[in-house]
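J.: So that we are looking at the same thing, I have put the structure below in structure tokens.
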Amino acid sequence: MDKKYPSRSEYRRSHGLKKSFYQKWWFWIIIVILIVGGGAGGYYLYSSQSSSNTSKVEKKTASSKSKPKKKKKSITTSEITLKNYNGIYISDKDGLSLDILTKYFGKSASSTVSKVNDKQTNMETWTKIANGTKNSKLVVQFYNDHAIEKTISDLKVTRSSKIALTDYVKVDNDQSTDQVMQILGNPNYYSETNLDGTTTTIYKYTSGLNGEDGANCTINFTNGKVSGKSQSGLK
Numbered sequence: 232m233d234k235k236y237p238s239r240s241e242y243r244r245s246h247g248l249k250k251s252f253y254q255k256w257w258f259w260i261i262i263v264i265l266i267v268g269g270g271a272g273g274y275y276l277y278s279s280q281s282s283s284n285t286s287k288v289e290k291k292t293a294s295s296k297s298k299p300k301k302k303k304k305s306i307t308t309s310e311i312t313l314k315n316y317n318g319i320y321i322s323d324k325d326g327l328s329l330d331i332l333t334k335y336f337g338k339s340a341s342s343t344v345s346k347v348n349d350k351q352t353n354m355e356t357w358t359k360i361a362n363g364t365k366n367s368k369l370v371v372q373f374y375n376d377h378a379i380e381k382t383i384s385d386l387k388v389t390r391s392s393k394i395a396l397t398d399y400v401k402v403d404n405d406q407s408t409d410q411v412m413q414i415l416g417n418p419n420y421y422s423e424t425n426l427d428g429t430t431t432t433i434y435k436y437t438s439g440l441n442g443e444d445g446a447n448c449t450i451n452f453t454n455g456k457v458s459g460k461s462q463s464g465l466k
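Each residue of the sequence shown is one higher than the last, beginning at 232 in my numbering.
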């Protein structure tokens, strides 16, 4: 009679052996659930994070669109000042050219041909003058495309006291431009010419004077020193 061998389960039971936990069917079901659940959870977290990042980018983009960058304002000076006038270098040898002045002041309002000391020149006029009246203007004359004469007129001047005849008589020959301005103050009209090495300057005073209507006084300079003067209507 053949000996009957016990089955695997009978052998385990007879010897007190139990299945390892990883050999049981419920263990693998739990593993499958964890894998599926973990994958789904990971996908959910990834989706949520991606959605959050996309939302932030969209908000940032919308914010940048709603707040356009401010454009820098370019600073331009449309009116010519007394400082600009003083900066115009004049000389029949190497005075500033019309192109240079046009670059700084813009195109002149008018252009004419004239003569200075028998030399044919062209005269350019600008009318936008800072601290001036409606009649104010800057006039520059050119010879061989070099500025040789400049004039700025009808400037507004505030004086602490009116210019009287007694002030005018204090002006003497050979005084400097600074000395005259200490006596009479700032003029309403400046003119300067540089030809053949000689500089001629004219100061005119037309406002804040003690005198008749239309009273004025003029001081002439040669190479920076008083060389003549005249007045009308001062008291």
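Glycine included, each C-beta is placed from N, C-alpha and C at the ideal position.
(1) Hey, could you find the ends of the alpha helix (DSSP H) LEU415 is sitting in?
(2) On the three-state DSSP scale, how would you describe ASP385?
(3) Between the Cα of LEU386 and those of LEU440, ALA446, LYS435, spot the shortest distance and give me the residue it belongs to.
(4) Please confirm whether ILE321 has its beta-carbon closer than 9 Å to some beta-carbon of chain B.
(5) What does DSSP give as the partner residues of LYS324 in its beta bridges?
(6) For ASN425, which three-state DSSP category applies?
(7) Under 8 Å: do the region 392 to 410 and the region 367 to 380 share three or more Cβ pairs, one atom per stretch?
(8) Is it buried or exposed for TYR320, if we count other Cβ within 10 angstroms and need 16 for buried?
(9) Just to confirm before moving on: does the CB-CB distance between SER463 and TYR420 stay below 9 Å?
(10) In whole angstroms, give me the CA-to-CA distance for LEU332 and ALA361.
(11) Is the Cβ-Cβ distance between GLU443 and THR432 less than 9 Å?
(12) State the start and end residues of the unbroken beta strand (DSSP E) segment that holds ASP349.
(13) Select from SER322, ILE260, LYS334, GLU355 the residue whose C-alpha is nearest the C-alpha of SER342.
T.: Short version:
(1) 408 to 415
(2) strand
(3) LYS435
(4) Annotation note: the requested chain B is absent from the structure, which comprises a single protein chain.
(5) For LYS324, which the question treats as bridged, DSSP gives no partner whatsoever.
(6) strand
(7) no
(8) exposed
(9) no
(10) 17 Å
(11) no
(12) Premise fails: ASP349 is in no beta strand (DSSP E) and is neither H nor E.
(13) GLU355
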